[in-house]
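K.L.:
Residue numbers (the numbering used here): 13 to 654.
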RNA sequence: GCGCCCGUAGCUCAGUUGGAUAGAGCGUCUGGCUACGAACCAGAAGGUCGGCUGUUCGAGUCAGCCCGGGCGCACCA
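Structure below.
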């Protein structure tokens with residue numbers, strides 16, 4: 013509602029400026045410094061001042077005089093050095109909120125692909141992976157809330173070095189056969205992904221002390237490529253099992269996917285050779301004949317030397333396959349995967365996985381018009397190579413629509429390492445934070461963190477709702493824990509390094525997920541208590557006429573609260589434009605704050621005046637809906653009680 | 001050496017793309033549970049926005065140069 017008026021005000025000024033001055037400008041709408049200045053501020057006069065060579069105040073006055081009436085706007089005035097402050101018609105505004113339901117219209121002609129999570133299937137997920145998934149999943153929810161068609165891909169590198177290292181560990185260090193590994197996977201006392209976490213660290217450190225053992229890696233990689241032998245069988249076993257673990261971990265966070273494109277299919281279906289042909293034909297890469305890159309196919313432009321895409325032994329580097337994959341996402345490769353169902357989510361949605369044999373599913377993926385790759389900022393160079401590949405092939409518009417949705421890493425504070433019993437070098441102890449490392453086995457496992465959070469939430473729930481069944485308490489605790497975790501991961505903007513601190517993440521007070529959940533629970537409680545007292549929820553539309561709404565909204569307090577609650581769309585739009593899920597989190601917190609304030613200050617059920625009571629109930633219900641919707645976009649559930 | 005990111009209250013972070021008197025949470029101090037359960041609310045203290053120059057009506061925001069921290073820059077992924 014607020015957002016639609018913002019757009020109307022903006023376009024009214026834009027048109028007027030166009031007609032009057034012949035200048036086309038995008039008219040920004042800002043929030044006034046103080047709430048008593050009005051609801052919107054238009055700084056357009058400042059933008060025009062330079063071109064018109066006139067004082068901003070004078071232009072502002074002309075604009076206010078000339079722009080004419082705008083629906084929903086009660087008054088406009090010039091303020092400060094040339095601001096135009098806009099005051100809304102409170103009665104009409106609330107009337108619109110009460111009656112008009114503005115469902116977001118579907119956006120036609122766009123299909124957005126978001127790739128996120130992408131964890132190497134060789135060990136348990138850690139907290140850095142959770143940040144990736146939380147960001148990706150929330151951005152997906154944001155785009156869907158805005159009406160976009162979105163496809164979520166989770167790329168599985170099941171033939172890479174990391175898998176090979178764990179396989180080598182099983183085979184050479186543990187001396188385990190495929191049957192032995194199967195037995196391990198079936199053993200309920202073993203967390204297989206945790207086992208691999210340790211094994212990966214063990215193998216990596218063994219390589220360090222015994223460089224000759226690196227031969228195991230190349231032997232394993234060759235076996236995986238040929239698809240034959242025990243090592244290859246082990247690789248399939250391990251990768252598939254770990255993928256399932258990752259999916260289960262992510263499901264705890266309410267993160268779901270549409271399709272799992274796998275590197276094994278990219279190899280078997282020869283995506284690379286199709287891309288290679290294109291790259292050569294269109295001269296996006298060249299064959300180097302001299303220097304240290306002699307014998308390689310090189311992509312020029314990005315650096316002095318260019319980037320090697322095909323090694324002198326004829327094998328392709330990872331980034332080359334990534335270019336092929338990116339082409340496929342846009343439907344530009346001329347090849348396609350086959351698919352089979354991998355699992356079915358609780359709501360009946362099917363998660364598909366790629367396969368190399370023809371399948372009669374008729375399923376179609378890819379063919380996106382825009383692609384977001386959620387990958388940490390350390391890989392920005394390689395993402396630049398991928399985009400340069402598209403450009404080199406002449407796909408300018410697709411290159412422009414390839415977005416590296418980058419974010420900074422999650423690191424651990426030295427204090428956190430101490431809490432978790434992670435030994436640190438003298439040097440590391442002095443740092444502000446320490447990078448997590450799968451290779452060193454240094455990090456916080458995702459499931460451990462969630463378990464710790466649930467335990468803590470359970471203590472709180474049990475102390476407040478000891479009468480509830482254990483199962484119910486656990487469910488509530490779990491929703492609170494996940495709410496806390498998702499909010500924690502989302503409250504930081506993307507390019508801020510999260511120095512993970514366990515105690516901070518475990519907080520359920522202040523700017524946290526549970527704070528938002530608590531506000532929504534309180535709103536629901538009021539409505540529930542009303543019914544428990546034998547009263548029905550009023551029919552707001554018939555009981556509240558425009559005069560009544562305007563009367564109640566003479567209270568500045570109520571008006572500011574209603575205003576805050578009505579800005580969800582506006583906040584979402586800004587957050588999506590900025591590509592910052594953190595902005596949605598911030599808004600959710602402000603919304604909860606406004607409601608808690610309202611809740612504390614005004615008795616609702618006990619209000620004697622009928623009109624006021626109905627109005628307060630309507631406000632409560634409106635807050636409730638906005639809180640639930642915003643929390644939903646963040647992937648945060650609202651428990652039945654707290 | 002080159003490239004990218006960061007530096008804002010004691011701590012952790014926002015800051016609507018250059019706008020009005022720089023905000024929030026935590027922590028500290030003070031006050032509030034016989035209201036719809038306090039995982040809450042109210043109030044106070046706390047700032048040379050790393051530094052210096054510049055761009056202009058206006059700079060936390062843009063440019064240049066420094067200082068400090070992080071991450072990249074493979075025929076690894």
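In this text, a Cβ means the ideal position worked out from N, Cα and C, and glycines have one as well.
1. Out of curiosity, what's the CA-to-CA distance linking residue 279 and residue 161?
2. Assign residue 370 to one of two classes, buried (16 or more other C-beta atoms within 10 Å of its C-beta) or exposed (fewer than that).
3. Around the Cβ of residue 336, are there at least 16 other Cβ atoms within 10 angstroms (buried) or fewer (exposed)?
4. Nearest to residue 110 by CA position, among 611, 562 and 461, is which residue?
5. So the beta strand (DSSP E) residue 511 belongs to, where does it begin and stop?
6. What does a CB cutoff of less than 7 Å around residue 413 pick up in its chain, not counting 5 residues either side in sequence?
7. Using the beta-carbon count (16 or more within 10 Å), is residue 31 buried or exposed?
8. So, helix, strand or coil for residue 18, using DSSP?
9. Nearest-angstrom Cα distance between residue 441 and residue 44?
10. By the DSSP assignment, the beta strand (DSSP E) with residue 125 in it spans what residues?
11. Among the candidates 323, 290, 297 and 305, whose CA atom is the shortest distance from the CA of residue 311?
12. Look at the Cβ atom of residue 98, then the Cβ atom of residue 85, and state whether they are nearer than 8 Å.
13. From the DSSP output, read off the bridge partner residues of residue 87.
14. In the DSSP assignment, what are the bridge partners of residue 267?
15. Kindly indicate which residue of 604, 482 and 617 has the alpha-carbon position closest to the one of residue 544.
16. As a quick exercise: from 366, 146 and 67, pick the residue whose alpha carbon is nearest that of residue 95.
17. Comparing C-alpha positions only, which one of 313, 423, 451 and 252 sits nearest to residue 210?
18. Smallest Cα separation from residue 431: which of 464, 228 and 410?
19. Buried or exposed: residue 299, going by 16 or more other Cβ atoms within 10 Å of its Cβ?
20. Within the present structure, is the beta-carbon of residue 418 separated from the nearest heavy atom of the ligand HEM by less than 7 Å?
21. Taking only the alpha-carbon atoms, compute the straight-line gap between residue 437 and residue 521 and give it to the nearest angstrom.
22. Beta carbon of residue 178, beta carbon of residue 134: below 8 Å?
23. Drop a sphere of 10 angstroms on the beta-carbon of residue 398, count the other beta-carbons inside from all chains shown, and report buried for 16 or more, exposed for fewer.
24. Check whether the stretch 494-507 touches the stretch 247-266, taking contact to mean three or more Cβ pairs, one atom from each stretch, closer than 8 Å.
25. May I ask you to list the residues that DSSP assigns as paired with residue 210?
26. Report yes or no: do three or more beta-carbon pairs, one from the stretch 282-291 and one from the stretch 328-347, lie closer than 8 Å?
27. Are there 16 or more other CB atoms within 10 angstroms of the CB of residue 553, so buried, or fewer, so exposed?
28. Looking at the structure shown, is residue 311 part of a helix, part of a strand, or coil, going by DSSP?
29. If you draw a straight line from the C-alpha of residue 433 to the C-alpha of residue 456, how long is it?
30. For the 8 Å Cβ check, are there 3 or more pairs between the stretch 466-481 and the stretch 571-579?
31. May I have the straight-line CA-CA distance separating residue 415 from residue 314, to the nearest angstrom?
32. Using 8 Å as the cut-off, can you tell me whether the stretch 198-212 makes contact with the stretch 172-189, which would need three or more C-beta pairs spanning the two stretches below that distance?
33. For the alpha helix (DSSP H) holding residue 602, just list the boundary residues, first then last.
34. Should residue 46 go down as buried or exposed, given a rule of 16 or more other Cβ atoms within 10 Å for buried?
35. Can you list, in chain order, the residues of its chain with a C-beta nearer than 8 Å to that of residue 183? Leave out the 5 residues immediately preceding and following it.
36. In its own chain, which residues sit with a C-beta less than 7 Å from the C-beta of residue 64, not counting the 5 before and 5 after it?
P.N.:
Reading from the atomic positions:
1. Spanning the alpha carbons of residue 279 and residue 161 requires a straight line of approximately 29 Å.
2. Classification of residue 370: exposed, given that the 10 Å Cβ count is below 16.
3. Residue 336 is buried by the Cβ-count criterion.
4. It is 562.
5. 510-512 is the extent of the beta strand (DSSP E) around residue 511.
6. Excluding sequence neighbours, residue 413 sits near 381, 382 and 383.
7. Around the CB of residue 31, fewer than 16 other CB atoms lie within 10 Å, so the residue is classed as exposed.
8. Note: residue 18 maps to helix in three-state DSSP.
9. Using only the alpha carbons, I get a separation of about 46 Å.
10. Its beta strand (DSSP E) spans residues 123-127.
11. For the set 323, 290, 297 and 305, the Cα lying nearest the Cα of residue 311 is the one of 297.
12. Yes.
13. Partner(s): 99.
14. The partner list for residue 267 (beta bridge, DSSP) is empty, contrary to what the question assumes.
15. For residue 544, the nearest C-alpha among the options comes from 617.
16. Ranked by how close their Cα comes to the Cα of residue 95, the residues 366, 146 and 67 have 67 in first place.
17. Of all alpha-carbon atoms in 313, 423, 451 and 252, the one lying nearest the alpha-carbon of residue 210 is that of 451.
18. For the set 464, 228 and 410, the Cα lying nearest the Cα of residue 431 is the one of 464.
19. Under the 10 Å beta carbon count, residue 299 is surrounded by fewer than 16 other beta carbons and is classified as exposed.
20. Absence of the ligand HEM is noted for the structure shown, with no ligands found whatsoever.
21. If you take the alpha carbons of residue 437 and residue 521, they lie about 33 Å apart.
22. Contact flag set, yes.
23. Buried, since its Cβ has 16 or more Cβ neighbours within 10 Å.
24. The answer is yes - the stretch 247-266 touches the stretch 494-507, with three or more Cβ pairs under 8 Å.
25. In the DSSP output, where bridge partners are listed per residue, residue 210 has none listed.
26. Yes, since at least three Cβ pairs between the stretch 282-291 and the stretch 328-347 fall closer than 8 Å, the two stretches touch.
27. Counting Cβ neighbours within 10 Å, residue 553 comes out exposed, since fewer than 16 surround it.
28. For residue 311, the three-state secondary structure derived from DSSP is strand.
29. If I take the Cα positions, the gap works out to 11 Å.
30. The way I'd put it, the stretch 466-481 doesn't touch the stretch 571-579; fewer than three beta-carbon pairs between them come closer than 8 Å.
31. Residue 415 and residue 314 have their C-alpha atoms roughly 17 Å apart.
32. Because the criterion of three Cβ pairs below 8 Å is met, the stretch 198-212 and the stretch 172-189 touch.
33. Note, residue 602: alpha helix (DSSP H), 593-613.
34. The residue is exposed, with fewer than 16 neighbouring Cβ atoms inside 10 Å.
35. Here the set comprises 228, 232, 242, 243 and 246.
36. So the qualifying residues of the chain are 33 and 71.
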